[in-house]
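Chains as they are written, first to last, in my numbering: chain A, 1 to 163; chain B, 164 to 387.
Each residue gets a CB set at the ideal place from its N, CA and C atoms; glycine is no exception.
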Amino acid sequence: MTGASSWSFGEDDSRQITAILDEFLAQSSARTALIVDKAGQMVATVGETPTFDSTAFASLTAADFSANDQLAKMIGEAEFGSLFHQGEQESLYLADIAGRVILVVLFDTRTTLGLVKLRVKATVGSLNQVFTEMLNKDAPQAPRVETDFVDDAEDEIDRLFGG
Amino acid sequence: MSMINYASREINCKLVYYGPGLGGKTTNLEHVYQKVAPGSRGKMISLATETERTLFFDFLPVDLGTIRGFKTRFHLYTVPGQVYYNASRKLILKGVDGVVFVADSQIDRMEANIEAMQNLYDNMSEHGYDLTTIPFVIQYNKRDLPNAAPINDLQASLNPGWPVEEPSKMRPMPDPQHEGEFLIQQIEGQWIERVGYYEAVALNGEGVFDTLKALSKLVIKNLG
Ligand SMILES: Nc1nc2c(ncn2[C@@H]2O[C@H](COP(=O)(O)OP(=O)(O)OP(=O)(O)O)[C@@H](O)[C@H]2O)c(=O)[nH]1
Ligand SMILES: [Mg+2]
Numbered sequence: 001m002t003g004a005s006s007w008s009f010g011e012d013d014s015r016q017i018t019a020i021l022d023e024f025l026a027q028s029s030a031r032t033a034l035i036v037d038k039a040g041q042m043v044a045t046v047g048e049t050p051t052f053d054s055t056a057f058a059s060l061t062a063a064d065f066s067a068n069d070q071l072a073k074m075i076g077e078a079e080f081g082s083l084f085h086q087g088e089q090e091s092l093y094l095a096d097i098a099g100r101v102i103l104v105v106l107f108d109t110r111t112t113l114g115l116v117k118l119r120v121k122a123t124v125g126s127l128n129q130v131f132t133e134m135l136n137k138d139a140p141q142a143p144r145v146e147t148d149f150v151d152d153a154e155d156e157i158d159r160l161f162g163g
Numbered sequence: 164m165s166m167i168n169y170a171s172r173e174i175n176c177k178l179v180y181y182g183p184g185l186g187g188k189t190t191n192l193e194h195v196y197q198k199v200a201p202g203s204r205g206k207m208i209s210l211a212t213e214t215e216r217t218l219f220f221d222f223l224p225v226d227l228g229t230i231r232g233f234k235t236r237f238h239l240y241t242v243p244g245q246v247y248y249n250a251s252r253k254l255i256l257k258g259v260d261g262v263v264f265v266a267d268s269q270i271d272r273m274e275a276n277i278e279a280m281q282n283l284y285d286n287m288s289e290h291g292y293d294l295t296t297i298p299f300v301i302q303y304n305k306r307d308l309p310n311a312a313p314i315n316d317l318q319a320s321l322n323p324g325w326p327v328e329e330p331s332k333m334r335p336m337p338d339p340q341h342e343g344e345f346l347i348q349q350i351e352g353q354w355i356e357r358v359g360y361y362e363a364v365a366l367n368g369e370g371v372f373d374t375l376k377a378l379s380k381l382v383i384k385n386l387g
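Have a look at this one:
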């Protein structure tokens, strides 16, 4: 299809990832764990449902992470691998997964960065494995939608953007 | 790189507005934001300088609704057009599904247009994407200004086309938007393909939705 590669995220993948993140949240007392695609799309949310606009959050996370990636290269690092943003109440920890998605951990004063970092190590390891397998599995062919989907979507585009 | 999420039953497509500084990319998104039903769009995020020049990107999610069980969304992005923001501009192209090139029609911006187009090809290919095979349209903006260049001149400089390599595509394809013009045609024995173009005055919204509609349809077709 396009020069850019598509990928899909299935129910089994979702179950596996949710299980890993549930365990991590229980062990670290973090509030929420999110998986964001590097193109800026939300892939999964586990734990407390965030009250913020998660679509906007995902696009900013991807931009933040990719900008830092470039900064790392400029100072001669291959990557930073992880990022930490500390607030008074709420903090964020971001980690690269399989070079393709970003794990975002949202935590507050019920836990510490130390504990989050300690527990996140194994989590990143497991997620790396799951995503690497998942992306390899998808590699040979891009996901496709049915013809009916295309027809319906075109009608909807006419309706929304003026026919 | 549209992502189909079967778990949450969502499809998200990334559309990027590219082009020279001050060409009207942000103005396009602002018009879409103002005119699309509020229930069908999210918040618009603009990372801009104090003088309202785009610093990193503008972002606007637009919801098509649930289609055949899939919540379908377009994520609209603009890039910063100013030449020295190239590093951020390139980042925004990651995972792009479709591109609108917003050209500034003013004669004295011709060189800036050409430079931005070249930069688009370069940045796409650095990501490993081929602009000739992904959904791509051109918008000639600022048609209201007295110093706007003739469309023919803009087409010759920015949309000269590329040679068609696939034999099955070697047949004339009329341009549905412009009578008597072709998206694919044979010129001096060589089959040439051009991308669709749209005239616009983004400041008052003229042509903004025509452009968006055309690109989003190409992107959806590409999913099938
Ligand atoms: N006359 C006229 N002015 C326009 C039109 N579209 C946009 N403008 C004006 O052009 C200026 C720049 O528009 P922006 O939308 O900020 O341009 P941009 O492409 O986002 O610029 P960068 O963020 O620097 O890349 C603004 O003052 C707009 O009001 C148009 O169709 N006609
Ligand atoms: Mg702008």
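heavy atom of ligand 1 below 7 Å from residue i C-beta
i                : result
Thr190 (chain B) : yes
Lys305 (chain B) : yes
Leu185 (chain B) : yes
Gln245 (chain B) : yes
Ala363 (chain B) : yes
Leu254 (chain B) : no
Gly368 (chain B) : no
Leu308 (chain B) : yes
Val179 (chain B) : no
Gly182 (chain B) : yes
Val263 (chain B) : no
Cα-Cα separation, residue i to residue j
i                : j                : result
Thr123 (chain A) : Lys380 (chain B) : 40 Å
Glu389 (chain B) : Met74 (chain A)  : Nothing in the structure corresponds to residue 389 (chain B), since chain B is present only between 164 and 387.
Glu154 (chain A) : Tyr169 (chain B) : 21 Å
Asn340 (chain B) : Asp373 (chain B) : In the sequence under discussion, the amino acid at residue 340 (chain B) is Gln, which differs from the Asn named in the question. Roughly 10 Å separates the two Cα atoms.
Ser59 (chain A)  : Ile270 (chain B) : 35 Å
Gln27 (chain A)  : Phe264 (chain B) : 48 Å
Ala66 (chain A)  : Arg100 (chain A) : Reading off the sequence shown, one finds Ser at residue 66 (chain A), where the question assumed Ala. Distance between the alpha carbons of Ser66 (chain A) and Arg100 (chain A): 11 Å.
Glu90 (chain A)  : Gly261 (chain B) : 36 Å
Met287 (chain B) : Leu254 (chain B) : 10 Å
Ala377 (chain B) : Arg110 (chain A) : 50 Å
Glu329 (chain B) : Gly76 (chain A)  : 43 Å
Ala39 (chain A)  : Asn315 (chain B) : 36 Å
Gly352 (chain B) : Leu375 (chain B) : 33 Å
Val300 (chain B) : Ile102 (chain A) : 31 Å
Ala4 (chain A)   : Tyr292 (chain B) : Legend: pLDDT at Ala4 (chain A) = 41, less than 50; position of this residue unreliable, value from coordinates given subsequently. If you take the alpha carbons of Ala4 (chain A) and Tyr292 (chain B), they lie about 6 Å apart.
Phe259 (chain B) : Lys117 (chain A) : Rather than Phe, the amino acid found at residue 259 (chain B) in this sequence is Val. Their backbone Cα atoms lie some 32 Å apart in a straight line.
Leu34 (chain A)  : Pro50 (chain A)  : 10 Å
Gly244 (chain B) : Leu115 (chain A) : 43 Å
Gly368 (chain B) : Ala266 (chain B) : 15 Å
Val382 (chain B) : Ile297 (chain B) : 8 Å
Ala95 (chain A)  : Phe9 (chain A)   : 19 Å
Beta-carbon proximity list for residue i, same chain, < 6 Å, skipping 5 on both sides
i                : result
Ser54 (chain A)  : Met42
Val195 (chain B) : none
Phe222 (chain B) : Ile208 and Tyr240
Tyr284 (chain B) : Leu294
Glu173 (chain B) : Lys234
Pro224 (chain B) : Gly205, Arg236 and His238
Any non-hydrogen atom of ligand 2 closer than 7 Å to residue i Cβ
i                : result
Arg216 (chain B) : yes
Asp221 (chain B) : yes
Thr241 (chain B) : yes
Residues that residue i contacts on chain A, provided the C-beta gap is smaller than 7 Å
i                : result
Ala250 (chain B) : Gln70
Pro224 (chain B) : Thr55
Asn175 (chain B) : Gln41
Per-residue contacts from residue i into chain C (C-beta, under 8 Å)
i               : result
Lys38 (chain A) : Absent here is chain C; the protein component of the structure consists of chains A and B.
Chain A residues whose Cβ lies nearer than 8 Å to that of residue i
i                : result
Gly244 (chain B) : Ordered by position in chain A, no residue passes the 8 Å Cβ test against Gly244 (chain B), which lies about 17 Å from the chain.
Val327 (chain B) : Under the 8 Å cutoff, chain A gives no residues; its nearest Cβ is about 17 Å from Val327 (chain B).
Ile230 (chain B) : Phe149, Asp152, Ala153 and Glu156
Ser379 (chain B) : Ile157 and Phe161
Thr235 (chain B) : Ala153 and Glu156
Other residues of its chain near residue i: CB distance less than 8 Å, five sequence neighbours each side excluded
i                : result
Val130 (chain A) : Asp13, Gln16, Ile17 and Ile20
Ser171 (chain B) : Lys234
Asn310 (chain B) : Gln269, Ile270 and Asp271
Closer than 9 Å at the beta carbon, the chain B residues around residue i
i                : result
Ser126 (chain A) : Residues of chain B passing the Cβ test: none, with the nearest at roughly 18 Å.
Asp13 (chain A)  : Tyr169 and Ala170
Same chain, Cβ closer than 7 Å to residue i, neighbours up to 5 away in sequence not counted
i                : result
Asp338 (chain B) : Glu344, Phe345, Leu346 and Gly359
Arg31 (chain A)  : Gly47, Glu48, Leu106, Phe107 and Asp108
Asp22 (chain A)  : Val46
Chain B residues whose Cβ lies nearer than 7 Å to that of residue i
i               : result
Thr61 (chain A) : Per Cβ cutoff of 7 Å: no residues; Thr61 (chain A) is ~12 Å from chain B at best.
Glu48 (chain A) : Chain B residues near Glu48 (chain A): none, gap ~17 Å exceeds 7 Å.
Chain-ordered chain B contacts of residue i [CB-CB under 8 Å]
i                : result
Arg144 (chain A) : Leu386 and Gly387
Val43 (chain A)  : Met166 and Asn168
Gly10 (chain A)  : Tyr169 and Ala170
Under 9 Å by beta carbon: chain A residues contacting residue i
i                : result
Gly368 (chain B) : None at all; the shortest Cβ gap to chain A is about 10 Å.
Ser203 (chain B) : Leu160
Near ligand 3: residue i beta-carbon under 7 Å from a heavy atom
i                : result
Ile383 (chain B) : Ligand 3 is absent from the structure shown, which contains only ligand 1 and ligand 2.
*For the segment 297-315 of chain B against the segment 356-371 of chain B, are there 3 or more C-beta pairs whose distance is under 8 Å?*
At 8 Å Cβ cutoff, the stretches touch.
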